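In the numbering used here, the protein residues as written are 26 to 194.
Structure follows, in structure tokens:
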């Protein structure tokens, strides 16, 4: 047996032990270990601030008012042809959204933490037992894209209004 084969065989139990020890920490491998591998062009496919629970729920916090995040969620769902089934605001300001596509059900809850900080819980289910983290990640990416586009439009409008106010057109 070669030295490489012996090293591989001796490293296997360590790798299995490491995997078993971290199986309950679903967010650690994705955010800490795979973050650089998932980035393209300087932007991460899944932000490091996105966490996943064992039941498949994705958690993300946005530094924006709840109205802005709500509008971005609705726009993202419209862009990907997902129909909104329920859109309700509770007495405490939380917004619950239910949406459905063929073979997928989605539920989002937006919670205002402050005037400019909104927490989002997102669950995408294939059936009663199976969640779909890939679709949840893509929906989060779409929401972030809508927010980025909105920020660019707002920034461009601000620049134009400042130029007009200073007499430069």
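The beta carbon of each residue, even a glycine, is placed where N, CA and C say it ideally should be. As the structure is a computational prediction, the values presented were derived from the model and not from experiment.
Here's a check: name, in chain order, each residue in its chain whose Cβ is nearer than 6 angstroms to the Cβ of residue 150, leaving out the five neighbours to either side.
Within the chain shown, residue 150 is the residue found at index 125, counting from 1. Excluding positions up to five away in sequence, the list reads 130, 156.
Where does the unbroken beta strand (DSSP E) through residue 146 begin, and where does it stop?
Your numbering for residue 146 matches position 121 in the chain shown. Start and end: 142-150.
For residue 108, the residue or residues it bridges with in DSSP:
As a first step, residue 108 is located in the chain shown; it is residue number 83 there, counting from the start. DSSP output for residue 108 lists 125 as bridge partner(s).
Helix, strand or coil, according to DSSP, for residue 114 in the structure here?
Taking the first residue of the chain shown as position 1, residue 114 is located at position 89. In this structure, residue 114 counts as strand in the three-state DSSP scheme.
To the nearest whole angstrom, what separates the beta carbons of residue 147 and residue 164, a pair I think is in contact under 8 angstroms?
Here residue 147 refers to the residue found at position 122 when the chain shown is read from its first residue. Here residue 164 refers to the residue found at position 139 when the chain shown is read from its first residue. Their Cβ separation, rounded to whole angstroms, is 7 angstroms, which keeps residue 147 and residue 164 in contact under 8 angstroms.
Going by the beta-carbon positions, is the gap between residue 175 and residue 89 smaller than 7 angstroms?
Taking the first residue of the chain shown as position 1, residue 175 is located at position 150. Taking the first residue of the chain shown as position 1, residue 89 is located at position 64. Against a cut-off of 7 angstroms, the Cβ pair of residue 89 and residue 175 comes out as no contact.
Are the stretch 76-84 and the stretch 99-114 touching, with three or more C-beta to C-beta distances below 8 angstroms?
In short, these stretches do not touch, since the Cβ pair count stays below three.
Close Cβ partners of residue 138 (< 8 angstroms) along its chain, the five nearest in sequence each way excluded
Taking the chain shown and counting its residues from 1, the one referred to as residue 138 is at position 113. Counting only Cβ-Cβ distances below 8 angstroms, and skipping sequence neighbours, we find 86, 144.
Can you grab the Cα-Cα spacing for the pair residue 109 / residue 141, in whole Å?
To locate residue 109, count along the chain shown from 1; it is residue 84. To locate residue 141, count along the chain shown from 1; it is residue 116. Cα to Cα, the separation comes out at about 25 angstroms.
Buried versus exposed, by CB contacts within 10 Å (16 or more), residue 54:
Sequence index remark: in the chain shown, residue 54 carries index 29 (1-based). Confidence at residue 54 is low in this model, with a pLDDT of 45, below 50, so its placement is unreliable and no value can be given for it.
Assumed close pair residue 107, residue 126 - CB separation to whole angstroms, cut-off 8 angstroms:
In the chain shown, the residue the question calls residue 107 occupies position 82. In the chain shown, the residue the question calls residue 126 occupies position 101. Correct: roughly 5 angstroms between the Cβ atoms.
State buried or exposed for residue 114, treating a residue as buried only when at least 16 other CB atoms are found within 10 Å of its CB.
As a working mapping, residue 114 is identified with position 89 in the chain shown. Flag for residue 114 reads exposed.
Rounded to the nearest angstrom, what separates residue 124 and residue 111 at their Cα positions?
In the chain shown, the residue the question calls residue 124 occupies position 99. In the chain shown, the residue the question calls residue 111 occupies position 86. Their Cα atoms are separated by approximately 7 angstroms.
Neighbour-count burial assignment, residue 154, 16 or more Cβ in a 10 Å radius
Mapped onto the chain shown, residue 154 falls at position 129. Answer is exposed; the Cβ neighbour count stays below 16.
To which residues of the same chain is residue 94 closer than 6 angstroms at the C-beta, ignoring the five residues directly before and after it?
In the chain shown, the residue the question calls residue 94 occupies position 69. Excluding residues within five positions, the ones whose Cβ falls inside 6 angstroms are 87, 135, 143.
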